[in-house]
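Asks: The opening residue of the sequence shown carries number 39 in the numbering used here; numbering runs sequentially from there. Note that the Cβ used here is the ideal one computed from N, Cα and C, for glycine as well.
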Amino acid sequence: MKAAEKEKAAQKKPASLPQNIRTVLAAMFRCYPQSRWQLPLYAACKLSNPFMSALIPSLAIRMITEGNVLYFLAAVTAMVAVYWIRQAAENISNMYLNHARWHTTKKHFNISLVRKALTTDYLNIEPQPKQKILYQADYATSHAQKLMHETAEFTIQLLGLLIYGTAVFTLDLRILLITLLLFVLDVILRNRAIKYDTEHWGEHAEVSRKRNYLERSSLDISAGKDIRIYRLRDCFHEHFNRLLAQEYRFQKNHYKRWYYPALSDGICSLMRDILAYGLLVGKVLAGDMDAAEFTLYIGMISGFTDLIYPLALSIYYLRNSHERFRNYHAFMDLQDTFLRASSQDSSGEKSETDGGRAASPVQKAPTIEFRDVSFCYEGSDTPVLSHLSFTLQAGEKVALVGNNGAGKTTLVKLLCGLYPASSGEILIDGQELGSVNLDAWQDRISAVFQDTIPMAFSVAMNVAGTPEKTLDRAKVRKSLEQAGLLEKIESLPKREDTCLTQQLEKDGILLSGGELQKLLLARSIYKDSAMLILDEPTSALDPIAESSMYEQYNSLAGGKTSLFISHRLASTKFCDRILFLENGRIAEAGTHAELMIRNGKYKEMFDIQSHYYKDSTEGQPNACPAEEGV
Numbered sequence: 039m040k041a042a043e044k045e046k047a048a049q050k051k052p053a054s055l056p057q058n059i060r061t062v063l064a065a066m067f068r069c070y071p072q073s074r075w076q077l078p079l080y081a082a083c084k085l086s087n088p089f090m091s092a093l094i095p096s097l098a099i100r101m102i103t104e105g106n107v108l109y110f111l112a113a114v115t116a117m118v119a120v121y122w123i124r125q126a127a128e129n130i131s132n133m134y135l136n137h138a139r140w141h142t143t144k145k146h147f148n149i150s151l152v153r154k155a156l157t158t159d160y161l162n163i164e165p166q167p168k169q170k171i172l173y174q175a176d177y178a179t180s181h182a183q184k185l186m187h188e189t190a191e192f193t194i195q196l197l198g199l200l201i202y203g204t205a206v207f208t209l210d211l212r213i214l215l216i217t218l219l220l221f222v223l224d225v226i227l228r229n230r231a232i233k234y235d236t237e238h239w240g241e242h243a244e245v246s247r248k249r250n251y252l253e254r255s256s257l258d259i260s261a262g263k264d265i266r267i268y269r270l271r272d273c274f275h276e277h278f279n280r281l282l283a284q285e286y287r288f289q290k291n292h293y294k295r296w297y298y299p300a301l302s303d304g305i306c307s308l309m310r311d312i313l314a315y316g317l318l319v320g321k322v323l324a325g326d327m328d329a330a331e332f333t334l335y336i337g338m339i340s341g342f343t344d345l346i347y348p349l350a351l352s353i354y355y356l357r358n359s360h361e362r363f364r365n366y367h368a369f370m371d372l373q374d375t376f377l378r379a380s381s382q383d384s385s386g387e388k389s390e391t392d393g394g395r396a397a398s399p400v401q402k403a404p405t406i407e408f409r410d411v412s413f414c415y416e417g418s419d420t421p422v423l424s425h426l427s428f429t430l431q432a433g434e435k436v437a438l439v440g441n442n443g444a445g446k447t448t449l450v451k452l453l454c455g456l457y458p459a460s461s462g463e464i465l466i467d468g469q470e471l472g473s474v475n476l477d478a479w480q481d482r483i484s485a486v487f488q489d490t491i492p493m494a495f496s497v498a499m500n501v502a503g504t505p506e507k508t509l510d511r512a513k514v515r516k517s518l519e520q521a522g523l524l525e526k527i528e529s530l531p532k533r534e535d536t537c538l539t540q541q542l543e544k545d546g547i548l549l550s551g552g553e554l555q556k557l558l559l560a561r562s563i564y565k566d567s568a569m570l571i572l573d574e575p576t577s578a579l580d581p582i583a584e585s586s587m588y589e590q591y592n593s594l595a596g597g598k599t600s601l602f603i604s605h606r607l608a609s610t611k612f613c614d615r616i617l618f619l620e621n622g623r624i625a626e627a628g629t630h631a632e633l634m635i636r637n638g639k640y641k642e643m644f645d646i647q648s649h650y651y652k653d654s655t656e657g658q659p660n661a662c663p664a665e666e667g668v
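What follows is the structure, given as structure tokens:
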């Protein structure tokens, strides 16, 4: 079954609101067990607040009117103490719950998302549609925290309505009915505003994303030169102002629709007070109620309405967080095609069967066969590779050449297990790649890509690819020495502990293009895998430096199955065989001499490039080695 078909078959129905609530609460109770009793304590304290606030002044009035001052002082003191304890318990439990929600979001949802992004199939993160899903999922983790909070607040408000609504009902049914009718009106107005926000959220988010891109680009030093030289600032201003205008229109319409719910809250509160005070004052004048009871019921009615009107807003926040949190599931539910060695639970702890990184298999040079392989990227009907068949023998050094866009990099992605083939088979030592443990296969590969960037870790970690506590420092230094970079690293204050880039450390350094190539070479030396893949890693170097670098890689490739990808044919001279890729197919294959005799596409490209090198180096003492044999 094709990858797209597998993904479609595995798609799950979007989680419902109750399912998402169970998910976030279960995570909180598991990550922060104390929340099991802190949440009920917080709810009890908050529910009792309106009653306590009404009871104390009611009791004070009763004691004063009855003339029992000493009893009044003792009772009020006791009630104030209880009220203070309740308030303190509410504040402390709320503080701990806020920490629990934050802790759960970071420890569970953020970690799970990062682990998924780091371990899932490459096809789940590289295409633009998948990147969008990933970015939305990252944003959705913050809504996990909001969903936990709003679930608690909604539940408390709902329980409060039942408790205090019953008290208001026993007093006068008319107050309850009028309050509920006003609440329904408030909900209708809020739903109108909510509907607008929901319908236009995606559009607004896209506009914000574009504006943020322009804002980041204006601050990016890599774009600064072109912006100034080519006067691109006018283009930036035009697009930035247009996007700001779109955001302004959305915000204007947003606040316009929320104006009426805000106005209704004030009107509803006014009508409630007029009705309640009118009825209660009437009962006092009729002798059916004293001043103390009047104060108590006024407080109860106020508590009831203070709970009912925020309920509509709480429902909105709950629904909004639920819809956004669905994006987390959308990414986490993406299915993997390839088999993997290890697994970890959602908390980040290794499972008992994990054992950490999979043990490296016996490092023997593999035999690789592409058997009628075709591949199309997601959303495209045009194949990048079409019925491709060839074999790399164990220990063979093969050059894969061709024009840009021929499919060379895509072929490497398939070989590394980053993408599954749309059709056909890729065999590793006779075993289909889809049935091979991907972790074990990638442990046998040392790959250097043309777009590789160093991670913002230490030089040693970049070379070893492992945390500080597990890397072999002697091996790191030896690898740097063999790559010709040790002298540079030794000149740094922290030597191999120096951080690359300044993203994480202020004293980090930036390597030049040539130094970065040596770092990647050191990484390959350190890993010492049985399969070596070079995907135009020297494309930014001049021909002389490129030739020197390939000579180093050639010495590294001894006894390994090696695939050298380049559109510069100077790199082919030390390879056993050359494959010329054109339009996703092998157009020509053979040694350099055989292809030159054949007088085909390869010779045509070689002659063009060799003439360029001759012209560009004419008269120079150190002519490009690519001239040899031309």
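What alpha helix (DSSP H) runs, 4 residues minimum, are completely inside the segment 429-477?
Replies: 446-453
Asks: Going by CA-CA distance only, name the one from ALA459, SER427, LEU423 and GLY455 that's closest to ALA444.
Replies: Here residue 444 corresponds to residue number 406 of the sequence shown, with the count starting at 1. Residue nearest to ALA444 within the set ALA459, SER427, LEU423 and GLY455 is LEU423 (criterion: CA-CA distance).
Asks: Are the CB atoms of LEU619 and LEU438 nearer to each other than 8 angstroms?
Replies: For the purposes of this step, residue 619 is taken as the residue at position 581 of the sequence shown. For the purposes of this step, residue 438 is taken as the residue at position 400 of the sequence shown. Yes; because the gap between Cβ atoms is below 8 angstroms, this pair is in contact.
Asks: Have a look at GLY622, ASN621 and LEU617 and flag the residue whose alpha-carbon is nearest the alpha-carbon of GLU632.
Replies: Sequence index remark: in the sequence shown, residue 632 carries index 594 (1-based). Considering only alpha carbons, the answer is LEU617.
Asks: What are the boundary residues of the alpha helix (DSSP H) that includes SER180?
Replies: Position 142 of the sequence shown holds residue 180. 166-209 is the extent of the alpha helix (DSSP H) around SER180.
Asks: Grab the span of the beta strand (DSSP E) containing MET327 for me, first residue to last.
Replies: As a working note, residue 327 is residue 289 in the sequence shown. It is not in any beta strand (DSSP E) - MET327 carries neither H nor E in the DSSP assignment.
Asks: Could you tell me which of LEU607, MET587, GLY341 and ARG357 sits nearest to LEU85, measuring between CA atoms?
Replies: Counting from one through the sequence shown, the residue named residue 85 turns up at place 47. For LEU85, the closest of LEU607, MET587, GLY341 and ARG357 by C-alpha to C-alpha distance is GLY341.
Asks: Name the DSSP beta bridge partners of CYS537, please?
Replies: Counting from one through the sequence shown, the residue named residue 537 turns up at place 499. DSSP output for CYS537 lists SER496 as bridge partner(s).
Asks: Please report the distance separating the alpha-carbon of TYR177 from that of ARG364.
Replies: Residue 177 sits at position 139 when you count from the first residue of the sequence shown. Residue 364 sits at position 326 when you count from the first residue of the sequence shown. Using only the alpha carbons, I get a separation of about 11 angstroms.
Asks: When you compare each of LEU542, ASP566, ASP573 and GLN541 to GLN555 by their alpha carbons, which one comes out closest?
Replies: Position 517 of the sequence shown, counted from the start, is the residue given in the question as residue 555. Residue ASP573 is the option with its Cα nearest to GLN555.
Asks: Report the rounded CA-to-CA distance for SER54 versus PHE332, giving the unit in angstroms.
Replies: Here the question's residue 54 lines up with position 16 in the sequence shown. Here the question's residue 332 lines up with position 294 in the sequence shown. About 45 angstroms.
Asks: Tell me the DSSP secondary structure of LEU281 in three-state form.
Replies: What you label residue 281 is simply residue 243 of the sequence shown in a count that begins at 1. Reduced to three states, the DSSP call for LEU281 is helix.
Asks: Cutting at 8 angstroms between CB atoms, please list the residues of its own chain near LEU227, excluding the five before and the five after it.
Replies: Sequence index remark: in the sequence shown, residue 227 carries index 189 (1-based). The residues are TYR298, PRO299 and SER302.
Asks: Could you tell me the distance, in whole angstroms, from the CA atom of GLN469 to the CA atom of LEU538?
Replies: Sequence index remark: in the sequence shown, residue 469 carries index 431 (1-based). Sequence index remark: in the sequence shown, residue 538 carries index 500 (1-based). C-alpha separation (whole angstroms): 39 angstroms.
Asks: Determine whether the beta carbon atoms of ARG295 and ALA231 lie at a separation below 8 angstroms.
Replies: Residue mapping note: residue 295 aligns to position 257 of the sequence shown, counting from 1. Residue mapping note: residue 231 aligns to position 193 of the sequence shown, counting from 1. For ARG295 and ALA231, yes; Cβs fall inside 8 angstroms.
Asks: Leaving out five residues on either side along the sequence, give the residues of the same chain with a beta carbon under 7 angstroms from the beta carbon of LEU282.
Replies: Taking the first residue of the sequence shown as 1, we reach residue 282 at position 244. Answer for LEU282: ARG249, listed in chain order.
Asks: Taking the alpha-carbon of SER256 as reference, which of ALA82, PHE278, LEU558 and ASP235 has the nearest alpha-carbon?
Replies: Translated into positions along the sequence shown, residue 256 becomes position 218. Cα-wise, what sits closest to SER256 is PHE278.
Asks: Do the CB positions of ARG139 and HIS181 come within less than 8 angstroms of each other?
Replies: If you number the sequence shown from 1, residue 139 lands on position 101. If you number the sequence shown from 1, residue 181 lands on position 143. Not closer than 8 angstroms, so no.
Asks: Could you check how far apart the C-beta atoms of ILE571 and LEU542 are, in whole angstroms? I think they sit under 8 angstroms.
Replies: In the sequence shown, residue 571 corresponds to position 533, counting from 1. In the sequence shown, residue 542 corresponds to position 504, counting from 1. Rounded, the Cβ-Cβ distance is 28 angstroms, inconsistent with contact.
Asks: Would you grab the beta carbon distance between ILE94 and TYR121 for me? Rounded to a whole angstrom, and I think it's under 8 angstroms.
Replies: Translated into positions along the sequence shown, residue 94 becomes position 56. Translated into positions along the sequence shown, residue 121 becomes position 83. Contact between ILE94 and TYR121 holds: their C-beta atoms lie close to 6 angstroms from each other, under 8 angstroms.
Asks: Quick one: what's got a C-beta closer than 7 angstroms to ILE346's C-beta in the same chain, skipping five residues either side?
Replies: Taking the first residue of the sequence shown as position 1, residue 346 is located at position 308. LEU199, THR217 and PHE221, listed in sequence order.
Asks: How big is the Cα-Cα spacing for ARG74 and PHE67?
Replies: The count along the sequence shown starts at 1 and reaches residue 74 at position 36. The count along the sequence shown starts at 1 and reaches residue 67 at position 29. Approximately 6 angstroms, taken between the alpha carbons.
Asks: Just to check my reading of the structure: LEU349 and GLN195 have Cβ atoms closer than 8 angstroms, yes? What is that Cβ distance to the nearest angstrom?
Replies: Counted from its first residue, the sequence shown places residue 349 at position 311. Counted from its first residue, the sequence shown places residue 195 at position 157. Contact holds; Cβ gap of about 5 angstroms.
Asks: With distances taken between CB atoms, is the gap from ALA521 to ALA560 smaller than 8 angstroms?
Replies: Position 483 of the sequence shown, counted from the start, is the residue given in the question as residue 521. Position 522 of the sequence shown, counted from the start, is the residue given in the question as residue 560. Contact: yes.
Asks: Going by beta carbon distance, what residues of the same chain come within less than 8 angstroms of ALA112, once the five residues before and after it are set aside?
Replies: For the purposes of this step, residue 112 is taken as residue 74 along the sequence shown, with counting starting at 1. Cβ neighbours of ALA112 beyond the five flanking positions: none.
Asks: Cα-Cα, which of ARG623, PHE89, LEU524 and VAL114 is closest to ILE99?
Replies: Numbered from 1 along the sequence shown, position 61 holds the residue referred to as residue 99. If we check each option's Cα against that of ILE99, VAL114 comes out closest.
Asks: Identify the continuous beta strand (DSSP E) that holds LEU617 and give its terminal residues.
Replies: Sequence index remark: in the sequence shown, residue 617 carries index 579 (1-based). Start and end: 615-620.
Asks: Taking the alpha helix (DSSP H) that GLY552 falls in, what are its first and last residues?
Replies: Indexing the sequence shown from 1 puts residue 552 at position 514. Looking at the DSSP string, the run of the alpha helix (DSSP H) that includes GLY552 is 551-565.
Asks: Give the DSSP-derived three-state secondary structure of GLY503 in the structure shown.
Replies: Within the sequence shown, numbered from 1, the residue matching residue 503 stands at position 465. GLY503 falls in the coil class under three-state DSSP.
Asks: Can you tell me the Cα-Cα spacing of THR420 and TYR457, whole angstroms?
Replies: Translated into the one-based positions of the sequence shown, residue 420 becomes position 382. Translated into the one-based positions of the sequence shown, residue 457 becomes position 419. About 16 angstroms.
Asks: Closest to ARG676 by C-alpha separation, out of GLN373, VAL206, TYR591 and ILE547, would be which residue?
Replies: Absent from the model: residue 676. The displayed extent of the chain is 39 to 668, so no value can be given.
Asks: Taking TYR564 and SER517 to be in contact with their CB atoms under 8 angstroms, please state how far apart those CB atoms are, rounded to whole angstroms.
Replies: For this step, residue 564 is matched to residue 526 along the sequence shown. For this step, residue 517 is matched to residue 479 along the sequence shown. 4 angstroms between Cβ atoms; contact.
Asks: Please classify ASP425: does DSSP put it in a helix, a strand, or coil?
Replies: Walking along the sequence shown from the start, residue 425 turns up at place 387. The question names Asp, but residue 425 is His in the sequence shown. DSSP places HIS425 in strand when its eight states are reduced to three.
Asks: Roughly how many angstroms separate the alpha carbons of ILE353 and ASP272, rounded to a whole number?
Replies: Your numbering for residue 353 matches position 315 in the sequence shown. Your numbering for residue 272 matches position 234 in the sequence shown. Going from the Cα of ILE353 to the Cα of ASP272 covers about 45 angstroms.
Asks: I think MET327 touches TYR202, with their Cβ atoms under 8 angstroms apart; what is that distance to the nearest whole Å?
Replies: Start at 1 with the first residue of the sequence shown, and residue 327 comes out as number 289. Start at 1 with the first residue of the sequence shown, and residue 202 comes out as number 164. For a cut-off of 8 angstroms, the C-beta gap from MET327 to TYR202 is around 18 angstroms, too long to register as a contact.
Asks: Using C-beta distances below 6 angstroms, list every residue in its chain close to LEU356, excluding the 5 sequence neighbours before and after it, in chain order.
Replies: To locate residue 356, count along the sequence shown from 1; it is residue 318. Around LEU356: GLU188 and PHE192.
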